[in-house]
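To start, the structure itself, in structure tokens.
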Amino acid sequence: MKYRTLGKTGLNVSEVGMGTWQLAGRPWGWDAPDEKESLRALHKFIELGGNFIDTAWVYGRLDEPGDSKGAHCSEELIGEFIKESGNRDKAIIASKIPPKNRKWPAWQGVPISEVFPEGYIEKMVDSSLKSLGIETLDLMQFHVWQDDFAKDDGWKNEIQNITKKGKVKHWGVSINDYQPSNCLKTLDTGLIESVQFIFNIFHQKPTEKLLPYAKKHNIGLITRVPLDEGGLTGKITMDTKFEDDMRSKYFNSVRLPGFVERTDKLKELLDGEAKSLPELALRYLLSFDEVSTVIPGTRKVKNVEANTSVSDGRKLSQKLMDELKKHSWERNFYVDLDPSLEKDGYIEK
Ligand SMILES: NC(=O)c1ccc[n+]([C@@H]2O[C@H](COP(=O)([O-])OP(=O)(O)OC[C@H]3O[C@@H](n4cnc5c(N)ncnc54)[C@H](OP(=O)(O)O)[C@@H]3O)[C@@H](O)[C@H]2O)c1
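Heads up, the sequence shown is in my numbering, so the first residue is 714 and it goes up one at a time.
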């Protein structure tokens, strides 16, 4: 495993991290995982040199009547792993504070008092620490963001107080899907050290402004959804059926042919540089020096083994990177579902 510095935090993170949206409980958007296998996957990840684990208070939430647990099942399973393995020092743990109004993404014009009001931030930090069973988070991220929040002083004061108390070492923002510049004024405050954002072979827009900004200002970059929610694994075919969840909408019958056509074209590029689509997708991201870590959603030992094996320091050739530029496919999940959002400026031009 190779390691990279997470921007100004100075944390030495594994360049392949572990995303844990699907790890435990009944994640919205995904089929329920086998938690014993998830625990084995966590052990394997650390054993293979991985250290960066990305979670969130809401991951694994159980919403239905009769569910006995609340949210944060993923945090709790990671806590269980730390307790049983005694591996706290080997893991760099990043979690996220959900918006108080529980609305994803953060919408233009919605005041921060509805999303991250004063007092709420520390309450959620305490809740995450409790479910993880740890005393300090290495990185805490806001789970939605709007750059207008940069003007507010409440969150700035509160995060500095929380850091002084030793509950959180570093702060980041996990920004809205497909809006890679909706954080730059906030980064100018100097209080936020990392950005988590969608970046993959299809969604290449972050290369335009966010990557150059991060390079200049030493911001840590955590690239989420590197496999386009599974679209870039090459496993999804015209016959793939999902439960009635986020993926059934993401890979709906209108979009599915586009995925199959595009991934078939990408498969033609597989050769000595990358032998499978997930490998190509991860190597693409790791070929950017600005990227600190890629966090494929991983809950199976075989996927941990495949993903961590990509970290061997070998970058894609410039020729292949130039070719991959032609495969960008900018879409917007939310606007596709509700075209009226486009007029609200949801899509970043
Ligand atoms: N707003 C936010 O802050 C936000 C939003 C989304 C995601 N995230 C974070 O980013 C992480 C990654 O995003 P994601 O999980 O949504 O999407 P993703 O990483 O693009 O895709 C995850 C899917 O890829 C599959 N997979 C992983 N490795 C594979 C491999 N080697 N071969 C074949 N299939 C493989 C997984 O398989 P299985 O189904 O078999 O496990 C899962 O279905 C999340 O887990 C979460 O930590 C954050």
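Every residue, glycine too, gets a C-beta built ideally from N, C-alpha and C.
* Under a three-way DSSP split, which group does Thr722 fall into? -> What you label residue 722 is simply residue 9 of the sequence shown in a count that begins at 1. Three-state result, Thr722: helix.
request  = Using DSSP bridges, identify the partner residues of Tyr1105.
outcome  = Any property of residue 1105 remains undetermined from this structure, which presents the chain solely from 714 to 1062.
**Request:** May I ask you to check if the CB of Asn1016 is nearer than 7 Å to at least one heavy atom of ligand 1?
**Result:** Within the sequence shown, numbered from 1, the residue matching residue 1016 stands at position 303. With a cutoff of 7 Å, Asn1016 counts as near ligand 1, since its C-beta is closer than that to a heavy atom of the ligand.
I need the DSSP call for Gln1031, collapsed to helix, strand or coil.
Working through the sequence shown from its first residue, we reach residue 1031 at position 318. Looking at Gln1031 - three-state DSSP - the assignment turns out to be helix.
- request: Specify, as a first and last residue, the run of the alpha helix (DSSP H) that Phe912 falls within.
  value: Sequence index remark: in the sequence shown, residue 912 carries index 199 (1-based). Careful: Phe912 lies outside any alpha helix (DSSP H) and carries neither H nor E.
Length of the line joining the Cα atoms of Leu969 and Lys962: Within the sequence shown, residue 969 is the residue found at index 256, counting from 1. Within the sequence shown, residue 962 is the residue found at index 249, counting from 1. A direct Cα-to-Cα measurement between Leu969 and Lys962 gives close to 10 Å.
Under DSSP, the alpha helix (DSSP H) around Arg960 begins and ends at which residues?
In the sequence shown, the residue the question calls residue 960 occupies position 247. Bounds of the alpha helix (DSSP H) holding Arg960 are Met959 to Tyr963.
Going by the beta-carbon positions, is the gap between Pro1052 and Asn1020 smaller than 8 Å? On the sequence shown, residue 1052 is found 339 positions in, with the first residue counted as 1. On the sequence shown, residue 1020 is found 307 positions in, with the first residue counted as 1. No, they are not a contact pair.
query = Taking 7 Å as the line, does the beta carbon of Ser887 fall inside it for any heavy atom of ligand 1?
reply = For the purposes of this step, residue 887 is taken as residue 174 along the sequence shown, with counting starting at 1. Look at Ser887: its beta carbon is less than 7 Å from one of the heavy atoms in ligand 1.
Check: Short check: CB of Thr1011 to CB of Val1004, under 8 Å?
Finding: For the purposes of this step, residue 1011 is taken as residue 298 along the sequence shown, with counting starting at 1. For the purposes of this step, residue 1004 is taken as residue 291 along the sequence shown, with counting starting at 1. No. Outside cutoff.
(Q) Less than 8 Å between the beta carbons of Leu850 and Ser887, yes or no? (A) Looking up residue 850 in the sequence shown gives position 137. Looking up residue 887 in the sequence shown gives position 174. The answer is no: Cβ separation not under 8 Å.
_Taking a contact to mean a Cβ-Cβ separation below 8 Å, would you say Ile932 touches Gly720 in this structure?_
Against the sequence shown, residue 932 aligns to sequence position 219. Against the sequence shown, residue 720 aligns to sequence position 7. Contact annotation: Ile932 and Gly720 have beta-carbon atoms nearer than 8 Å.
- Item | Where Val838 sits in the DSSP three-state scheme | Here residue 838 refers to the residue found at position 125 when the sequence shown is read from its first residue. For Val838, the three-state secondary structure derived from DSSP is helix.
Return yes when at least one heavy atom of ligand 1 lies under 7 Å from the C-beta of Ile949, else no.
Within the sequence shown, the letter at position 236 stands for residue 949. In this structure, Ile949 has its beta carbon at no less than 7 Å from each heavy atom of ligand 1.
Count Cβ pairs between the region 749-759 and the region 781-801 that sit closer than 8 Å; are there 3 or more?
They touch, by the three-pair rule.
Practice prompt. Look at the Cβ atom of Leu904, then the Cβ atom of Lys877, and state whether they are nearer than 8 Å.
Written response: Along the sequence shown, read from residue 1 onward, the residue named residue 904 stands at position 191. Along the sequence shown, read from residue 1 onward, the residue named residue 877 stands at position 164. Contact: no.
- Flag this pair as touching only if the region 910-924 and the region 942-950 have three or more C-beta atom pairs under 8 Å; answer yes or no. Result yes; three or more Cβ-Cβ pairs closer than 8 Å.
Any idea if Gln859 is buried or exposed, counting beta-carbon neighbours within 10 angstroms, 16 or more meaning buried? Counting from 1 along the sequence shown, the entry for residue 859 is found at position 146. The residue is buried, with at least 16 neighbouring Cβ atoms inside 10 Å.
From this set, Arg739, Thr768, Gly773 and Met731, which residue's C-alpha is nearest Glu760's C-alpha?
-> Your numbering for residue 760 matches position 47 in the sequence shown. Restricting attention to Arg739, Thr768, Gly773 and Met731, the CA atom closest to the CA of Glu760 is found in Met731.
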